[in-house]
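S.K.:
2 protein chains.
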Amino acid sequence: MAAGGREPVSGSDSRRAPSVAADGRLRVTYSLTLDTGESPEAKARGIAFEQTVELPEGRVPADLVNEVVGRVESVEAAGDGKWQTRISYSADLAGGNFSQLMNLLYGNISLLSGIRLVAVEWPADLLAAIPGPTHGVQGLRSLCGVQERRPLTCAVAKPLGLSPRQLAELAGEMARAGVDIIKDDHSLADQPAAPFRERITMCQAAVEEANRAEGTSARYFPSLGGGGRMLRERVGHLQEVGCRGAVVMPFHSGLDTVAGLAYESELALLAHPSGSGVLFGAEHGVAPEVYLGQVLRLAGCDAVIYPHAGGRFRMDESTAGAIRSNLLAELGTLRPSAPAPGGSIDPARLQGWFRLYGPDSVFVVGSSVIRAEDPRRAAEKWVATVRSAFV
Amino acid sequence: MAAGGREPVSGSDSRRAPSVAADGRLRVTYSLTLDTGESPEAKARGIAFEQTVELPEGRVPADLVNEVVGRVESVEAAGDGKWQTRISYSADLAGGNFSQLMNLLYGNISLLSGIRLVAVEWPADLLAAIPGPTHGVQGLRSLCGVQERRPLTCAVAKPLGLSPRQLAELAGEMARAGVDIIKDDHSLADQPAAPFRERITMCQAAVEEANRAEGTSARYFPSLGGGGRMLRERVGHLQEVGCRGAVVMPFHSGLDTVAGLAYESELALLAHPSGSGVLFGAEHGVAPEVYLGQVLRLAGCDAVIYPHAGGRFRMDESTAGAIRSNLLAELGTLRPSAPAPGGSIDPARLQGWFRLYGPDSVFVVGSSVIRAEDPRRAAEKWVATVRSAFV
Chain A
115 MAAGGREPVS GSDSRRAPSV AADGRLRVTY SLTLDTGESP EAKARGIAFE QTVELPEGRV
175 PADLVNEVVG RVESVEAAGD GKWQTRISYS ADLAGGNFSQ LMNLLYGNIS LLSGIRLVAV
235 EWPADLLAAI PGPTHGVQGL RSLCGVQERR PLTCAVAKPL GLSPRQLAEL AGEMARAGVD
295 IIKDDHSLAD QPAAPFRERI TMCQAAVEEA NRAEGTSARY FPSLGGGGRM LRERVGHLQE
355 VGCRGAVVMP FHSGLDTVAG LAYESELALL AHPSGSGVLF GAEHGVAPEV YLGQVLRLAG
415 CDAVIYPHAG GRFRMDESTA GAIRSNLLAE LGTLRPSAPA PGGSIDPARL QGWFRLYGPD
475 SVFVVGSSVI RAEDPRRAAE KWVATVRSAF V
Chain B
115 MAAGGREPVS GSDSRRAPSV AADGRLRVTY SLTLDTGESP EAKARGIAFE QTVELPEGRV
175 PADLVNEVVG RVESVEAAGD GKWQTRISYS ADLAGGNFSQ LMNLLYGNIS LLSGIRLVAV
235 EWPADLLAAI PGPTHGVQGL RSLCGVQERR PLTCAVAKPL GLSPRQLAEL AGEMARAGVD
295 IIKDDHSLAD QPAAPFRERI TMCQAAVEEA NRAEGTSARY FPSLGGGGRM LRERVGHLQE
355 VGCRGAVVMP FHSGLDTVAG LAYESELALL AHPSGSGVLF GAEHGVAPEV YLGQVLRLAG
415 CDAVIYPHAG GRFRMDESTA GAIRSNLLAE LGTLRPSAPA PGGSIDPARL QGWFRLYGPD
475 SVFVVGSSVI RAEDPRRAAE KWVATVRSAF V
């Protein structure tokens, strides 16, 4: 078995807390950075009140303090002047939709400072009430007609500014090269250069034609945004022309929208991380392995694109590995989501990449293939490399 | 005329750039904090490529560089080792929905560092294509039967954990006290302690009963989350029982969802800032006066809640004033949104508060009224204070 077939390496130890809470509480670990004169215990207790009753301590009836206010279970020094607190909430408070779940985990405290959500233990009942990915890793493989346990390859129809015809040609070429998924660049919406309906119709036709010619089952995943009626009409158009998946931007579109799509449209959803970087502050925000690795999976994303370490975005190998682990780890009965690393891949480091992500991933190639002198040949070479690493 | 009737004071000068771009470009100012060895020009040019074609320079066809890549219009030292760049984008790229608009303004660059969006000039054509607030300041007043030009008062049905009956009693008391809007705490979703339909039905009935008894026109705005079918059913229920507005959390629910609600439901939308604090980094993210003061208005929010300076959240008076100015400033033909300051109000500072926000605002009182020994009396006093400041 080649490098890629090995079990993936794990994230750091502190990231390996059990993800399912045995006692039915929603248990959240926050890393605290204190202001001068701030006490870690008071800060932890402030979070427990702010995230639930949103009243200062002393103004809450006693029965609510017990039932509704978060419980501070521990406050510990964590080195480098930082502290860590574990606060548990009644799972009832999550209230059945994702905006409230996120509001509970990281709502008003976003407007304070020095509070970073670093881990969550999810109560079994909450997990059982959430459908999660409709397709998951294995479902994505089935959609693309892939029998072997190997990573899927994904190429990008880009850049913004090309016409539907140009994008469709590129999509067709990628499908002919053996790429499994051809996704729209996430910035393609309904621009004059490539209006939504025309783009989707032509790209889907080009990929279907390539499939007929090559006997393959490549899939085209258009970029899908908008809300309300616009979104319903767009979903209708995707289904009409035969698309089976879409690219979404959960940070911009909202988790409730993404969950609605996942649970109601049967489209496979490939999440793009645009915008989400603001969450990943060193001292304030939400850890990438929680947001990208757990929250997006709960919201029903079948694959999650994120920058690989060593590319053009801020990401270290340990975090990239922790995201991957969370997406694939056992979590209630939720299907695993495929980690989909991308963002300027250095071909020289491919073997390490295969080792880190393993066979249950989606490898996204953008610019290095698209801008090659002969994109189809470049894609063929890339596809062959991925496949040979996993046979 | 009392203090509150004066023209509100303005934000700092740097925040008073014209908000409408005369030349049809979407012009964005980013503040840059450089890494060691980084050049400000290269960083600016990197943004212009990353936010559009998402390909490194040199890999983009020449025609696209001209039409699609952002134009770096200036790069200037801004003191304290920081730089400021103005980059303009073709308005066509915004693509007709809010997730792509945000992706264009602040998408992949969120995953880099030292880039803060501090101002936007909106092209007139883009503004003309966006409906904006359906009600706006004057529409909110009309909904509440308020004839005078004075701030609306808003009380909160909270905390989480109360039963529908308890919340309804509180809502009724607040309406009887003369409060104009009684809003749900944003954390109320569909929890077992107060299921969605029961809560909405009972609170709306309590406010209507108070209106009948007092001859008033108070409005109850329930908290509204969820996506897809769940959201449509909830909106249907609100309309069925006669609610005319709702509280939304745009950061968690997504701008496309909020815009869909604004443009299709005719509900007045009161935006809560939960979660949005992660955007407001000192060196990386989006300035509060742009996100809360402009983007939420474009997305159709009729009023925007945000922490007042001096409360329990991070906010300085200059920023609070800049948000207020942006919500109320002329911006194409968009109706003004009401600034809705809240978050631990110090009664001793009320006069300054009236001066800062002026008569076109919504004043939100939460805990100080709710937890008073006699909430109704406390609310009556508060209502009288606000009214007397503006006659």
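The listed protein sequences correspond, in order, to chains A and B. Just so we're aligned, residue 115 is where the first sequence starts under the numbering used here, counting upward by one. Just so we're aligned, residue 115 is where the second sequence starts under the numbering used here, counting upward by one. Cβ atoms here follow ideal geometry from the backbone N, Cα and C, with glycine treated the same way.
So which of R200/B, G250/B, G210/B and G195/B has the shortest CA-CA distance to V189/B?
M.R.: If we check each option's Cα against that of V189/B, R200/B comes out closest.
S.K.: If you count every other CB in all the chains shown that lies within 10 Å of the CB of E328/B, and 16 or more means buried, which is it?
M.R.: With fewer than 16 Cβ atoms within 10 Å of its Cβ, E328/B is classed as exposed.
S.K.: Tell me, which residues are paired with C268/A by DSSP?
M.R.: Looking at the DSSP assignment, C268/A forms a beta bridge with I295/A and V478/A.
S.K.: Can you tell me whether DSSP reads V505/B as helix, strand or coil?
M.R.: Three-state result, V505/B: coil.
S.K.: Using a C-beta cutoff of 8 Å, does M115/A count as contacting chain B?
M.R.: Residue confidence is low: M115/A scores 32 on pLDDT, short of 50, so the model does not pin down where it sits. No coordinate-derived value is stated.
S.K.: So does the region 366-385 of chain A actually touch the region 271-288 of chain A, counting three or more Cβ pairs closer than 8 Å?
M.R.: Counting Cβ pairs under 8 Å, fewer than three are found: no touch.
S.K.: In angstroms with no decimal places, state the Cα-to-Cα distance between G228/B and L381/A.
M.R.: About 36 Å.
S.K.: What do you reckon, are the CB atoms on V505/A and G275/B nearer than 8 Å?
M.R.: The answer is no: Cβ separation not under 8 Å.
S.K.: When you compare the CB of G342/A with every CB in chain B, is at least one pair closer than 8 Å?
M.R.: Chain B contact via Cβ: present.
S.K.: Suppose you measure from the CA of V355/A to the CA of T315/A; what does that come to, to the nearest Å?
M.R.: Looking at the two C-alpha atoms, the distance is approximately 6 Å.
S.K.: Please identify the residue among P154/B, R159/B and W236/B whose C-alpha is closest to the C-alpha of R141/B.
M.R.: Among P154/B, R159/B and W236/B, the Cα nearest to that of R141/B belongs to W236/B.
S.K.: Give every residue of the same chain whose Cβ lies closer than 7 Å to the Cβ of S367/A, excluding the five residues on either side of it in the sequence, and list them in chain order.
M.R.: Result list for S367/A: G339, in chain order.
S.K.: S390/A touches chain B at which residues, Cβ-Cβ below 7 Å?
M.R.: Within chain B, the residues near S390/A are S224.
S.K.: Hey, does A332/B have any beta-carbon neighbour from chain A nearer than 8 Å?
M.R.: Taking Cβ atoms only, chain A never reaches closer than 8 Å to A332/B, which makes this a no.
S.K.: If I'm right that P336/A touches V361/A with Cβ under 8 Å, what's the distance once you round it to whole angstroms?
M.R.: Indeed they touch by this definition, with Cβ atoms about 7 Å apart.
S.K.: For the 8 Å Cβ check, are there 3 or more pairs between the region 163-178 of chain A and the region 240-260 of chain A?
M.R.: Not touching, per the Cβ criterion.
S.K.: Starting from G456/B, follow the beta strand (DSSP E) in both directions and report where the run begins and ends.
M.R.: Start and end: A452 to G456.
S.K.: Return the Cβ separation of V293/B and A452/B in integer angstroms, given the expectation that the two are a contact with Cβ distance under 8 Å.
M.R.: V293/B to A452/B, Cβ: 15 Å. No contact.
S.K.: Take A332/A as the anchor and find which of G195/A, R185/A, S432/A and I295/A has the nearest alpha-carbon.
M.R.: A332/A has its Cα closest to that of I295/A, out of G195/A, R185/A, S432/A and I295/A.
S.K.: So, is the C-beta of L369/B closer than 8 Å to a C-beta in chain A?
M.R.: So, interface residue.
S.K.: Between S202/A, R255/A and V483/A, which has its C-alpha nearest G184/A's C-alpha?
M.R.: Selected option, being the one with the closest Cα: S202/A.
S.K.: Since I believe P455/A is in contact with S475/A (beta carbons under 8 Å), could you give me their beta-carbon distance rounded to a whole number of angstroms?
M.R.: Their Cβ separation, rounded to whole angstroms, is 7 Å, which keeps S475/A and P455/A in contact under 8 Å.
S.K.: Determine whether the Cβ of K272/A lies closer than 8 Å to any Cβ atom of chain B.
M.R.: By this cut-off, K272/A is an interface position.
S.K.: Is it buried or exposed for N440/A, if we count other Cβ within 10 angstroms and need 16 for buried?
M.R.: Buried, since its Cβ has 16 or more Cβ neighbours within 10 Å.
S.K.: Compute every distance between the C-beta of S432/B and the non-hydrogen atoms of the ligand ADP, then say whether any falls below 7 Å.
M.R.: In terms of ligand content, the structure shown is empty, and the ligand ADP therefore cannot be addressed.
S.K.: Could you say which of W197/B, G193/B, Y220/B and E164/B lies nearest to F394/B if we only look at CA atoms?
M.R.: Comparing Cα-Cα distances from F394/B to each of W197/B, G193/B, Y220/B and E164/B, the minimum goes to Y220/B.
S.K.: Which residues in chain B have a C-beta closer than 9 Å to the C-beta of R304/A? List them in chain order.
M.R.: First, the amino acid is wrong: residue 304/A is Asp here, not Arg. Chain B residues near D304/A: G209, G210, N211 and Q214.
S.K.: Between C268/A and V478/A, is the Cβ-Cβ spacing less than 8 Å?
M.R.: Result yes, Cβ atoms of C268/A and V478/A sit closer than 8 Å.
S.K.: Run through chain A and tell me which residues come within less than 9 Å of G395/B, C-beta to C-beta.
M.R.: By Cβ distance, chain A contributes V392, G395, H398 and G399.
S.K.: Kindly list, in the order they appear in chain B, the residues whose Cβ is closer than 7 Å to that of G339/A.
M.R.: In chain order: N211, S213, Q214 and D370.
S.K.: Check the Cβ of T166/A against every Cβ in chain B and list those closer than 9 Å, keeping chain order.
M.R.: P273, L274, G275 and S301, listed in chain order.
S.K.: My parser needs the beta strand (DSSP E) runs of 3 or more residues fully inside the region 136-175 of chain B; what are they?
M.R.: Qualifying beta strand (DSSP E) stretches, in chain order: 139-147.
S.K.: Q318/B by DSSP, collapsed to three states: which one?
M.R.: Here Q318/B sits in helix by DSSP.
S.K.: Beta-carbon of G119/A versus every beta-carbon of chain B: anything under 8 Å?
M.R.: The predicted position of G119/A is uncertain, since its pLDDT is 35 and thus under 50; no value can be drawn from it.
S.K.: Out of S502/B, A205/B and L257/B, which has the shortest C-alpha to C-alpha gap to L464/B?
M.R.: Closest option to L464/B, Cα to Cα, is S502/B.
S.K.: Taking the straight line between their C-alpha atoms, what separation do you get for T499/B and P265/B?
M.R.: Roughly 11 Å between the two C-alpha positions.
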